[in-house]
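A short worksheet on the structure shown next.
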Amino acid sequence: MKILVPIKRVVDYNVKVRPKADESGVDLNNVKMAINPFCEIAVEEAVRLKEGGTATEIIAVTVGSSASQEQLRTALALGADRAILVETEIEVEPLAIAKLLKGVVEKESPDLVILGKQAIDGDNNQTSQMLAALTGYAQATFASELKIEGEKAVVTREVDGGLQTISVNLPCIVSTDLRLNEPRYASLPNIMKAKQKPLDVIEAGSLGVDIEPRNKTLKVSPPPVREAGIIVETVDDLVDKLKNEAKVIT
Amino acid sequence: MSILVIAEHDNEEIKASTNNVVTAATNLEGDIHVLVAGSNCSGAKDQAAKISGVARVLVADSPEYEHCLAENIADLIVAISADYSHILSPATTNGKNYMPRVSALLDVAQISDITAIESSDTFERPIYAGNCIATVQNSDSKKVITVRTTAFDAAQNDGSAEVVDLQESHNLGISEFIKEEIAESDRPELTSADVIISGGRGMQNGDNFKILESVADKLGAAIGASRAAVDSGFVPNDYQVGQTGKIVAPNLYIAVGISGAIQHLAGMKDSKVIVAINKDEDAPIFQVADYGLVADLFTAVPELDAKL
Ligand SMILES: Cc1cc2nc3c(=O)[nH]c(=O)nc-3n(C[C@H](O)[C@H](O)[C@H](O)COP(=O)(O)OP(=O)(O)OC[C@H]3O[C@@H](n4cnc5c(N)ncnc54)[C@H](O)[C@@H]3O)c2cc1C
Ligand SMILES: Cc1cc2nc3c(=O)[nH]c(=O)nc-3n(C[C@H](O)[C@H](O)[C@H](O)COP(=O)(O)OP(=O)(O)OC[C@H]3O[C@@H](n4cnc5c(N)ncnc54)[C@H](O)[C@@H]3O)c2cc1C
Chain B
3 MKILVPIKRV VDYNVKVRPK ADESGVDLNN VKMAINPFCE IAVEEAVRLK
53 EGGTATEIIA VTVGSSASQE QLRTALALGA DRAILVETEI EVEPLAIAKL
103 LKGVVEKESP DLVILGKQAI DGDNNQTSQM LAALTGYAQA TFASELKIEG
153 EKAVVTREVD GGLQTISVNL PCIVSTDLRL NEPRYASLPN IMKAKQKPLD
203 VIEAGSLGVD IEPRNKTLKV SPPPVREAGI IVETVDDLVD KLKNEAKVIT
Chain G
-8 MSILVIAEHD NEEIKASTNN VVTAATNLEG DIHVLVAGSN CSGAKDQAAK
42 ISGVARVLVA DSPEYEHCLA ENIADLIVAI SADYSHILSP ATTNGKNYMP
92 RVSALLDVAQ ISDITAIESS DTFERPIYAG NCIATVQNSD SKKVITVRTT
142 AFDAAQNDGS AEVVDLQESH NLGISEFIKE EIAESDRPEL TSADVIISGG
192 RGMQNGDNFK ILESVADKLG AAIGASRAAV DSGFVPNDYQ VGQTGKIVAP
242 NLYIAVGISG AIQHLAGMKD SKVIVAINKD EDAPIFQVAD YGLVADLFTA
292 VPELDAKL
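Top to bottom, those sequences are chains B and G. Start counting the first sequence at 3; every next residue gets the next number (our numbering). Start counting the second sequence at -8; every next residue gets the next number (our numbering).
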C-alpha cells in the first residue's frame, strides 16, 4: 500500500503571534517555523503502518515556497521515503491546496492519504474534506484510531459527544486528531539519511488548476484584551467576589 | 435568495448550537430555512419549526442520514443548494466534517469558524489560536460558512415555521457507520453550559476529578479539561477545551490545575468571568483570570465546595 501524507509548514506552536501594527497581516518576521503538529502525527501513523508491514511506500507532499523543503526533510527524517514540493509563492487557500493535492493523487494513485485535521495557523480544518470531495473518496476525519482491514479502513473518530467508529472504502482520506499517536523524534542518523532521500519539485502551475484566492483578508487585528483581574487571598474572598461583585453564582 | 442553516441534532432533539447559527443568519438578508437531515427525526423536526426567525424547515428523513456521514449529507446539501446565497452550520465536529466537502463540491471557498458578520460577504474569524482576528471578504457566488456558536446568542423557541418534506436520497455507499461511544451525562453540554469547571494535569488522576464533580453539582456546571488531562487518560476526549478541542464561553469558567497554554486559552478566553486556582503564582492562566487564587487545589477545591 502506498500512502500520501500532505504536510504544512507553520509557525511553531510555542510562538505567540501578533498582528502587524498596520493590521495588514500577521507579523511573521523571524519567527520559528515547524511542521504542523497534526501533520507530524500523520507522518507517524504512516510510518507505523509501514513498520507493521501494511504500507510499502510513504510520500510526503507540501504546497508552498521553497522554504517548505525544510519540513519535507523533517518528514523524510521521520520515515517518509520520498517527498514532493508543489512550489508556489502565493498564499494558497484550502480549496486550492486540495485541487493541487488532487493533481498529486492522480499522479501517484495512493491507497491512503493521511492529513492533519487542522493547521494551527489558519485553523481552517478544511483541506482533507475538500480533497475527499474532489477525488470522490470517502473521508474519515479527526481520527484517534486507524486500522486497515482488507479493502477498508476502520477509523475511530473524535466527535463532540465522544467517539464514533466508521468503516470507509479504500482509497480514502483520513485526517488526524491529537490522540492518534505520539510522534517520535527524528534521530541524528535519520536526519542525515533524509538528506539523501529524493525530493522532487513541481511547479504549481504545471498541475493546471485554478488556485486564485477567493478570500481577501481585509485586516488582521488583535483580539479584544481582557482587563487585568485580581488575586484573591482566600476561598472566602473568592466566593464573596463571585456572589457580590461578578454576580455569577448565588 | 434565502439562507440555509444545517441543524445539529440527535434525531430526537435540536442542539442549542442550531439556535446560535440561526441568530448569526439573522444578520444576513433573506428568509432562513433550516435543514434537518436524519432518520426518525420527527422530534428534531418539530423543535426546529419552533426556532424564532425560521421561515421553513426542510426535512430529509431517511436511514442514510442517521449518523451524519459526511459523504451522504454533503451530497444532500449540494442537491438543494441552488436557491441559497449562504449555507451555514455550527462549527461542531459534524459541521466541520461535512461543510468543507460541500464547499469543494460547489467549487467555493469555505469560511471557517466565523465570530462576526460585517456584511453579506465579509466576516471575522480567529486565526493562530485566537491570537489574531482576520476580517475576510469572500468573492464566491455562494458562501459556505461554519459558525463559532459562542459568538452568537441562541435564538428563542417561539416561532412556527412551515415544514417541507424532501424526497432526496443520497447514499454514496463508500462509508459505513459501525458504532458510537457517546458519554451519557446529566450535566449540561460543555459548549452551551452557563458554568464550567475544568481540570488540568494538576488534578494528578481521574479519580481526583470527583472533587470537581461535587462543585459542578452545586453550580449546575459542565466539566471540562485541558489536553494534558485528556492525554493522561484522566477524562475522555470530549472534555477537551481549547484550540483543537471545544470552544466555550460560559458566564463562569473555573480552571483548576491548568497552566494556561495558548492552545487552552484559545478555547475559553471569551468566558465572561474566569477563575483560576493554581499553586504556581507565575502560571499564565492568571493573566486572563478575573479572580486568581494561588493555592493547592486539593485544599482549595474542597473548601470552595463546602462554602457554596
Ligand atoms: C495573514 C494571513 C491571512 C490569510 N488569509 C486567508 C484567508 O483570508 N483565507 C484563506 O483561506 N486563507 C488565508 N490564509 C492562509 C491560511 O492561513 C492557510 O495557510 C490556508 O488557508 C490553508 O489553511 P489551513 O492550513 O488552515 O488548512 P487546514 O485545512 O486546517 O489544514 C489541514 C491539513 O491540510 C494539509 N495542508 C494544509 N496546507 C497544506 C499545504 N500547503 N501543503 C500540503 N498540505 C497542506 C495538512 O495535512 C494540514 O494538516 C492567510 C494566511 C495569512 C498568514
Ligand atoms: C497542536 C496542539 C494542540 C493543542 N491543543 C490543545 C487544546 O485544544 N487544549 C488544551 O488544553 N491544550 C492543547 N494543547 C496542549 C497545550 O500546549 C498544553 O500542553 C496543555 O494545555 C497543558 O495542560 P495543563 O495546563 O493541564 O498542564 P500543565 O501545563 O502541566 O499545567 C499544570 C498546572 O497545574 C498546576 N498544579 C499542579 N499541581 C497543583 C496543585 N496541587 N494545586 C494547584 N495547581 C497545581 C501547575 O502549577 C501547572 O500550572 C495543544 C498542543 C498542541 C501542540
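The beta carbon of each residue, even a glycine, is placed where N, CA and C say it ideally should be.
query: Hey, does I150/B have any beta-carbon neighbour from chain G nearer than 9 Å?
result: Taking Cβ atoms only, chain G never reaches closer than 9 Å to I150/B, which makes this a no.
message: Give me the subset of the segment 196 to 225 of chain G whose CB atoms are less than 8 Å from a CB atom of chain B, sorted by chain position.
response: Contact residues of the segment 196 to 225 of chain G toward chain B are L210, R218, V221 and D222 (C-beta to C-beta distance below 8 Å).
- request: Count the other C-beta atoms from every protein chain shown that fall within 10 angstroms of the C-beta of M194/B, then say buried if there are 16 or more, exposed otherwise.
  value: By the 10 Å Cβ count, M194/B comes out exposed.
query: Helix, strand or coil for I102/G per DSSP?
result: Of the three classes helix, strand and coil, the one that applies to I102/G here is strand, per DSSP.
- request: Give the straight-line distance between the Cα atoms of A291/G and M194/G, rounded to the nearest whole angstrom.
  value: Whole-angstrom Cα-Cα distance: 12 Å.
message: Rounding to the nearest angstrom, what Cα-Cα distance links D287/G and A216/G in this structure?
response: Cα to Cα, the separation comes out at about 18 Å.
- prompt: Are the segment 120 to 139 of chain B and the segment 148 to 161 of chain B touching by the rule of at least three beta carbon pairs closer than 8 Å?
  reply: No, they do not touch.
- prompt: Does the segment 162 to 180 of chain B come close enough to the segment 50 to 61 of chain B that 3 or more CB-CB pairs lie under 8 Å?
  reply: No: fewer than three Cβ pairs fall under 8 Å.
field: 8 Å Cβ shell around F168/G - same chain, five flanking residues per side excluded
entry: Same-chain partners within the cutoff: E57, H58 and L60.
message: Bridge partners for Y258/B per DSSP, in chain order?
response: This structure cannot settle anything about residue 258/B, because the visible part of chain B is limited to 3 through 252.
- prompt: Leaving out the 5 sequence neighbours to the left and right, which residues in its chain are closer than 8 Å to L302/G when beta-carbon positions are compared?
  reply: The first residue shown for chain G is -8 and the last is 299, placing residue 302/G beyond what the model contains.
task: Would you check if there are 3 or more beta carbon pairs closer than 8 Å linking the segment 124 to 133 of chain B to the segment 187 to 206 of chain B?
output: Verdict: no, contact absent.
query: Which residues bound the alpha helix (DSSP H) around F225/G?
result: Taken as a continuous stretch (DSSP letters only), F225/G belongs to no alpha helix (DSSP H), as it is neither H nor E.
task: Mind listing the chain A neighbours of N183/B? Cutoff is C-beta to C-beta under 9 Å, in chain order.
output: Going by chain labels, chain A is absent from the structure shown, which instead holds the protein chains B and G.
field: Closer than 9 Å to chain G by CB, E160/B
entry: So, interface residue.
task: List the DSSP bridge partners of D52/G.
output: BP columns for D52/G point to G29/G.
query: Run through DSSP, which three-state label would D156/G get?
result: Strand at D156/G.
task: Using a cut-off of 8 Å between C-beta atoms, extract the partners of D273/G located in chain B.
output: Counting only Cβ-Cβ distances below 8 Å, D273/G has no contacts in chain B at all, with the closest Cβ about 12 Å away.
field: N- and C-terminal bounds of the alpha helix (DSSP H) containing S94/G
entry: Where S94/G is concerned, the enclosing alpha helix (DSSP H) stretches over T84 to L97.
task: Would you mind telling me which residues of chain B sit closer than 8 Å to V264/G, beta carbon to beta carbon, in chain order?
output: Result: L244, A248 and V250.
query: Cα-Cα, which of K209/G, R92/G and S189/G is closest to T143/B?
result: Distance from the Cα of T143/B is smallest, within the candidate group K209/G, R92/G and S189/G, for R92/G.
message: Please determine whether the Cβ atom of N269/G lies at a distance below 8 Å from any heavy atom of ligand 2.
response: At least one heavy atom of ligand 2 is found less than 8 Å from the C-beta of N269/G.
query: Whose C-beta lies closer than 8 Å to the C-beta of R181/B among residues of the same chain, with five residues either side of it excluded?
result: The beta carbon of R181/B is closer than 8 Å to those of S146 and E160 in its chain, skipping five residues each way along the sequence.
message: So, with DSSP's three-state summary, where would you put A142/B?
response: Three-state DSSP puts A142/B in a strand.
message: So, with DSSP's three-state summary, where would you put I202/G?
response: Reduced to three states, the DSSP call for I202/G is helix.
message: Quick check: does the Cβ of F40/B come within less than 8 Å of any heavy atom belonging to ligand 4?
response: Absent from the structure shown: ligand 4. Ligands present: ligand 1 and ligand 2.
message: Any beta carbon of chain G sitting closer than 9 Å to that of Y139/B?
response: Output row for Y139/B: interface = yes.
message: Let's see if you can read the secondary structure: which residues bound the alpha helix (DSSP H) around K109/B?
response: For K109/B, the enclosing alpha helix (DSSP H) begins and ends at P96 to E110.
task: In angstroms with no decimal places, state the Cα-to-Cα distance between Q101/G and V135/G.
output: Spanning the two alpha carbons is a distance of roughly 5 Å.
field: Cβ neighbours of V234/B in the same chain (closer than 7 Å, five flanking residues each side left out)
entry: Short of 7 Å from the beta carbon of V234/B, and not among the five residues preceding or following it, lie these beta carbons of its own chain, in chain order: L240 and K243.
message: If contacts are defined as beta-carbon pairs under 8 Å, then E72/G and D52/G qualify, I think. What distance do you get, rounded to the angstrom?
response: Rather than Glu, the amino acid found at residue 72/G in this sequence is Ser. Actually they are not in contact, since the Cβ atoms of S72/G and D52/G sit about 19 Å apart, beyond 8 Å.
query: For R178/G, which option in A213/G, A39/G, R47/G and D74/G has the closest C-alpha, if you only look at C-alpha atoms?
result: In terms of CA proximity to R178/G, A213/G leads the group A213/G, A39/G, R47/G and D74/G.
query: Taking just the CA atoms, how far does L78/B sit from A85/B?
result: Those two C-alpha atoms are separated by around 7 Å.
message: Does E55/G pass the burial test, meaning 16 or more other C-beta atoms within 10 Å, or should it be called exposed?
response: When all chains shown are included, E55/G counts as buried.
- prompt: Who are the near neighbours of D104/G in its chain, counting only those whose CB is closer than 6 Å to its CB and skipping five residues on each side?
  reply: Cβ within range, chain order: A82, R116, T137 and R139.
- request: In the DSSP assignment, find the alpha helix (DSSP H) that holds C59/G and state where it starts and stops.
  value: Secondary structure note for C59/G: it is in no alpha helix (DSSP H), with a DSSP letter that is neither H nor E.
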